[in-house]
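One gets this note's numbering by counting positions in the sequence shown from 1 and adding 553 to each. By construction, the Cβ of each residue, glycine as well, lies at the ideal position given by its N, Cα and C atoms. Read the structure below first, then the notes.
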Amino acid sequence: MSTTTLPTYDIFIDGEYVTPADGRYLDSINPATGKAWYQVASAGAVDVDRAVRAARAALTSPAWAGLTPSARGRLLRRVADGLAARAEDLALLETNDNGKLIRDTRALYGNLPLIWEYFAGWADKVSGEVVPTVGTNLTYLRREPIGVVAAIVPWNAPINLASHKIAAALAMGNTVVVKPSEITSAGILEMMKVLDEAGVPRGVVNVVTGTGADVGEALVAHPGVDLIAFTGGTATGTAIAKKAAERHVPVLLELGGKSPNIVFDDANTSNAANGIISGIFAAGGQACTAGSRVYLHNAVYDEVLDKVKARMSDIRLGNPLADETEIGPIAYEAHMNRILDYIRIGQEEGADLTFGGGRVSDGELGSGFYVAPTIFENVTSQMTITREEIFGPVLSVIRFDSDEEVVRQANDSAFGLVAGVWTQNVNRAHRIAHQLDAGTVWVNTYRALSPVAPFGGFKASGHGKEGGESGVLEMTRLKTVWVNLSDAPTNDPFIIQK
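Right under this line is the structure:
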């Protein structure tokens, strides 16, 4: 057991909080203060094996497998009710954990029950179908639970992202082992109390905390895992996909982005400026959907950028628990330093730093991990800050003149997660949306998300979808059943039957 005086979180296996096999714990740092505020279990392969075995046992247990689809739906609705009652506690916990604004987490977790309610509605809505084959055969399709789902979630919105995976998996009758980021584990562990109170059977959802090397790799390689659902960086997602391929295990990957936000000459410039700010500076740019590449038509370049800078000049950095704060700290120190390295590289490669840049360490911010919102101009498509995901408040601004030119530049990226389009021309809006290599395209808005809409990227931004019917079906396997309805003998046993 931990000997620290800090609060301690253990792992959650088979319906109980248990100590990790080797008794190790990690400090979790509040990014606003730079100080440890709790410890979380640092588990290993032995703990992962216990969790997967518990999930496999629960998969066929009468307490879970014996539930009707409608009963599963009612269970998920009870979870939703429990999360609604705990929304303020979870919001406060996540703000302290990763520095997200309290007003942002309050909005996020005030809406968290909607995720569970949405997937609860799908529990008894997915059905099979009869295939029109010839002869005396009855041929039908059925959707079955895929099995044990490994849900691996990042640190920037852990409770929300875990809920999408867990709720969809449970709606279809699967069981789950969750691996949170070691940076932000407390919220998901607290959420297990809500699931337990709602009556989720033992072993159906398990949580194993620790590092990627100790827990993540063991979970991905475990022979008892049937699907890996991962949200995080592209490099890690690639490594997971390679490992999963050795066992022919399907993967659902929601990876990084370097998303274009395109403002045409006929756009509402005030709305576009607001969308640019939302796209890159909300959440301190720590979002896979960050609109980190902004393309401004020459006709509105100065007008839009002046509006962005004017608003940013009044931006309030500070304690994320204060309602007036608009940008909080970077989630952890190593990531802050990575962002600062990218700012340095941008300057070295010749981009013009025209706003912000550098660490903010004035007054009460001195002990926290704060980076000033940063704007680079005169950026080329080959610069590092244009090609690589920074995951921070760093914006690259590029001029363009024609529709064809901007589509070519926007698609000249390894990523394809989301894109923004700002125009009053409805024909152009649809045409450009169709031409962009992005899994989601927002027109005259940005950061619009809902569990009813599928979300997922193209290219290095991953594959598969979360949300909507597509996300539900990802949690199933499709089986074809042939039944011969005739008692007559087969005419020729050496010919394929149809």
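Quick check: what's the CA-CA separation for residue i versus residue j?
| i | j | result |
| --- | --- | --- |
| I564 | I705 | 15 Å |
| L1038 | G726 | 30 Å |
| V687 | A794 | 40 Å |
| M745 | G1009 | 26 Å |
| A751 | A1006 | 26 Å |
| M554 | F1011 | Summary for M554: the model assigns pLDDT 40, below 50, so the residue's position carries little reliability, and this model does not support an answer. |
| G619 | T613 | 8 Å |
| N759 | K1051 | 45 Å |
| P707 | G809 | 11 Å |
| G786 | S812 | 14 Å |
| R984 | S1014 | 22 Å |
| H850 | D818 | 6 Å |
| P926 | R1000 | 18 Å |
| W675 | A972 | 29 Å |
| G921 | A585 | 4 Å |
| V571 | R912 | 40 Å |
| I1049 | P685 | 17 Å |
| T556 | A771 | Annotation note: pLDDT 47 at T556 (below 50); position unreliable, no value reported. |
| V773 | A598 | 11 Å |
| P666 | A875 | 25 Å |
| Y854 | I815 | 11 Å |
| V861 | A826 | 5 Å |
| R627 | H888 | 41 Å |
| G844 | G832 | 5 Å |
| A967 | R961 | 13 Å |
| Y923 | F908 | 15 Å |
| V950 | G587 | 32 Å |
| K653 | E743 | 18 Å |
| D915 | G1024 | 45 Å |
| F672 | D749 | 18 Å |
| Q592 | P882 | 20 Å |
Here's the rule: buried if 16 or more other CB atoms are within 10 angstroms of the residue's CB, otherwise exposed. What is residue i?
| i | result |
| --- | --- |
| L694 | exposed |
| I655 | buried |
| G576 | exposed |
| T933 | exposed |
| P573 | buried |
| T621 | exposed |
| E958 | exposed |
| H717 | buried |
| P776 | exposed |
| V944 | First, the amino acid is wrong: residue 944 is Phe here, not Val. Burial call: buried. |
| H801 | exposed |
| S595 | buried |
| T842 | buried |
| N583 | buried |
| S734 | buried |
| D954 | exposed |
| F1047 | exposed |
| E879 | buried |
Pick from the options: whose alpha carbon is nearest that of residue i?
| i | options | result |
| --- | --- | --- |
| E682 | L1031, A766, A739 and N890 | L1031 |
| R846 | Q935, D876, G785 and D915 | Q935 |
| T558 | A589, V853, V760 and G838 | A589 |
| I712 | I781, D1045, E942 and R639 | R639 |
| T658 | A676, A710 and A607 | A710 |
| N931 | L645, L858, V804 and S734 | L858 |
| A963 | K678, A986 and E1019 | A986 |
| V747 | S680, I896 and R631 | R631 |
| P520 | A766, I830, L970 and T689 | For the chain, the structure presents residues 554 to 1051; residue 520 sits outside this window and is missing. |
| A991 | T561, E917, N980 and K1018 | K1018 |
| N603 | V768, G626, K678 and K653 | Going by the sequence as given, residue 603 is Arg instead of Asn. Nearest C-alpha to R603: V768. |
| V1036 | T692, L643 and R625 | T692 |
| L645 | G635, Y662 and L629 | Y662 |
| L636 | G881, W995 and G740 | G740 |
| E1060 | E799, D867, I668 and D965 | The first residue shown for the chain is 554 and the last is 1051, placing residue 1060 beyond what the model contains. |
For residue i and residue j, which I take to be in contact (beta-carbon distance under 8 Å), what is that distance rounded to the nearest angstrom?
| i | j | result |
| --- | --- | --- |
| A722 | E670 | Their Cβ separation, rounded to whole angstroms, is 16 Å, which puts A722 and E670 out of contact at 8 Å. |
| T789 | N651 | The Cβ separation is near 18 Å, so there is no contact. |
| V729 | D779 | So it is not a contact: roughly 11 Å between Cβ atoms. |
| P946 | T648 | In fact, because the Cβ distance is near 17 Å, the residues do not count as touching under 8 Å. |
| F929 | L906 | 6 Å |
| K732 | V757 | The pair is not a contact, with the Cβ atoms about 16 Å apart (cut-off 8 Å). |
| N997 | N824 | 7 Å |
| R755 | D567 | 5 Å |
| R869 | E877 | 6 Å |
| T1029 | R609 | Wrong, their Cβ atoms sit about 18 Å apart, outside the cutoff. |
Is any beta-carbon of chain D found at less than 9 Å from that of residue i?
| i | result |
| --- | --- |
| D818 | Structure shown: chain D not included; a single protein chain is present. |
Item to complete: Taking only runs that begin and end inside the stretch 769 to 822, name each unbroken beta strand (DSSP E) of 3 or more residues, in chain order.
Response: 780 to 784, 804 to 807 and 813 to 816
Practice prompt. Quick one: which unbroken alpha helix (DSSP H) runs of 4-plus residues sit fully inside the stretch 649 to 726? Chain order, please.
Written response: 655 to 663, 665 to 675 and 711 to 724
Discussion item. I'd like the ranges of any beta strand (DSSP E) spanning at least 3 consecutive residues and lying wholly in the stretch 807 to 892.
Written reply: 813 to 816 and 846 to 850
Worksheet entry | Whole runs of the beta strand (DSSP E) within the stretch 720 to 764, excluding any shorter than 3 residues | 728 to 732 and 758 to 760
Fill in: Any beta strand (DSSP E) of 3 or more consecutive residues that is wholly inside the stretch 883 to 971
905 to 908, 927 to 930 and 947 to 953
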